[in-house]
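For the record, the sequence lines run as chains H and A.
Going by this note's numbering, the first residue of the first sequence is number 103, and it counts up by one from there.
Going by this note's numbering, the first residue of the second sequence is number 103, and it counts up by one from there.
Glycine included, C-beta positions come from ideal geometry on N, C-alpha and C.
There are 2 protein chains.
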Amino acid sequence: MRRDIYQAIADPTRRVIIALLAFQAMTPNTIAENFNTTRQAISKHLRILTECELVKQTYQGREIYYSLEIEKMKEIDNWLNQFREIWETRFNQLDEVLSTIKKQTK
Amino acid sequence: MRRDIYQAIADPTRRVIIALLAFQAMTPNTIAENFNTTRQAISKHLRILTECELVKQTYQGREIYYSLEIEKMKEIDNWLNQFREIWETRFNQLDEVLSTIKKQTK
DNA sequence: TATATTTGAAACCGATTGGTTTCCTAATCT
DNA sequence: AGATTAGGAAACCAATCGGTTTCAAATATA
């Protein structure tokens with residue numbers, strides 16, 4: 103089963119888990135307390151996040167701490183780069199239009 | 103049926119469509135030529151992209167030109183903002199570690 | 001007017017999703 | 001040792017997904 107990061111962030115629950123883990127590492131039970139679902143459902147989400155390496159596990163006794171692999175989030179940012187240039191250009195064009203209007207108003 | 107942008111970009115075909123439309127507006131038939139699927143499948147993808155306002159239609163005779171709503175892409179960028187601060191901080195920390203090592207090496 | 005082209009919509013299909021319930025293993029605590 | 005706790009795995013379920021085939025409507029062309 104091929105997992106990728108885009109599929110991982112498609113689910114709203116997983117996006118919240120990612121945001122939670124951005125602050126601090128947490129165990130599945132602690133994470134589950136923040137949601138209205140069973141621990142097992144959260145466990146499945148964590149599995150998906152782990153499979154696409156967005157999250158890593160640290161074993162500590164019988165507890166497992168999950169933490170965010172923040173570097174992986176940059177993959178999305180990199181994908182956005184191809185559009186960033188376009189939307190910045192559009193902004194510049196808008197700036198030009200606005201300054202042209204200003205000149206005409208004078 | 104609640105569509106959101108994260109679900110929209112989860113599919114690889116849709117991500118390519120988005121990238122194509124970033125360059126220029128295209129009709130469904132033209133878009134479909136770039137893929138190994140039927141036009142109808144592309145049509146369904148375009149529907150999903152339209153529903154979450156990532157793409158807009160311009161009618162021209164019997165043809166429909168689809169173009170990217172680049173502003174909508176910023177929503178993803180905004181969501182990433184909450185992590186950007188973290189990964190930049192980590193980078194700074196790494197810089198500090200590296201400069202400390204340098205000093206020790208001297 | 002008859003025909004061809006462009007497109008969306010609906011019906012259908014197998015695979016996947018997100019969830020639950022049930023069960024198992026491994027640590028920890030008394 | 002026995003009970004409790006943390007957590008994963010499997011079986012199952014309804015809903016959704018991405019695809020195809022078939023059809024209908026509107027525009028363009030002969």
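Close to residue 184(A), with beta-carbon spacing below 8 Å, are these residues of chain H in chain order: 121, 124. The C-beta of residue 128(H) comes no closer than 9 Å to any C-beta of chain A.
Against residue 108(A), the close residues of chain H are 108, 111, 112, 113, 114, 117, in the order they occur along the chain (beta-carbon pairs closer than 9 Å). In the displayed model, residue 150(H) falls within a helix according to three-state DSSP. With a threshold of 9 Å between beta carbons, residue 164(A) makes no contact with chain H. Contacts with chain H at 9 Å (Cβ-Cβ) include residue 172(A). Taking a contact to require three or more Cβ pairs closer than 8 Å, the segment 129 to 143 of chain H and the segment 144 to 157 of chain A do not qualify as touching. Taking 9 Å as the cut-off, the beta carbon of residue 166(H) is found closer than this to the beta carbon of residue 129(H).
Neighbourhood of residue 176(H) in chain A, by CB distance below 7 Å: 189, in chain order.
According to the DSSP assignment, residue 122(H) belongs to the alpha helix (DSSP H) that extends over 114 to 125.
When the five nearest sequence neighbours on each side are left out, the beta carbons in the same chain lying within less than 7 Å of the beta carbon of residue 123(A) are those of 157, 168, 169, 170, in order along the chain.
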